[in-house]
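Numbered per this note's numbering, the sequence shown finishes at 270, counting up by one with no gaps. Virtual Cβ for every residue (Gly too), placed ideally from N, Cα, C. Since this is a predicted model, take the numbers as computed values, not measurements.
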Amino acid sequence: MTITVSDVMPAARDIAAKLEVSVRRVIAFSACSDFSTYVDIDGDGLHWIVAERAGREVKRRTTDSIDELMHWLAVEVTFQMAGEWAWEQRSRFPEREVTGTDRLAKQVELLRRLDGSWAVQAQAEYDDAYSPAFG
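Structure below.
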């Protein structure tokens, strides 16, 4: 069975609704700007693509799973939203330093709205990347 845009859109709409953003913020089907991400669907699967200037492809992931594609999209949009939140916090509370840890905590909170396992995975990846090495 070939997956189509019509198959993917309900899941993208669900993410958008839970995050209270437009579906265009979650998924695009063509490059919109420098280093934008978009989805391409063809007979080989679902492709999550990062493109730079003039649409030159920089990175590509491919899957047959709508759930996996949605996970990739959710991580991306929540990262952006957490960055915007951090910027707003710096503006509203200049006396308080907003750290990368604060930003990650916000991203994990947003991912938890979508799927608890995505939040756990993001937290584990952060812990692995930033925990001090012992031994």
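**OP:** Could you have a look at G270 and say whether DSSP puts it in helix, strand or coil?
**Re:** Residue confidence for G270 is low, a pLDDT of 45 falling below 50, so the modelled location carries little weight; the figure read from the coordinates is stated next. Correct three-state label for G270: coil.
**OP:** Could you tell me whether the segment 214 to 226 touches the segment 183 to 191, where touching means 3 or more Cβ pairs closer than 8 Å?
**Re:** no
**OP:** Give a yes or no on whether the C-beta atoms belonging to I176 and I138 are separated by under 8 Å.
**Re:** yes
**OP:** Just the C-alpha distance for V158 and I184, rounded to the nearest angstrom, thanks.
**Re:** 17 Å
Original post:
For G178, which option in C167, V161, Y265 and T198 has the closest C-alpha, if you only look at C-alpha atoms?
Top reply: T198
Subject >> Identity of the residue in R248, L249, D250 and V243 nearest E260 by Cα >> reply: Considering only alpha carbons, the answer is V243.
Subject >> L246 and A257 closer than 8 Å at C-beta >> reply: yes
Original post:
Should V255 be labelled buried (16 or more other beta-carbon atoms within 10 Å of its own) or exposed?
Top reply: With fewer than 16 other Cβ atoms from the protein chains shown falling within 10 Å of its own Cβ, V255 counts as exposed.
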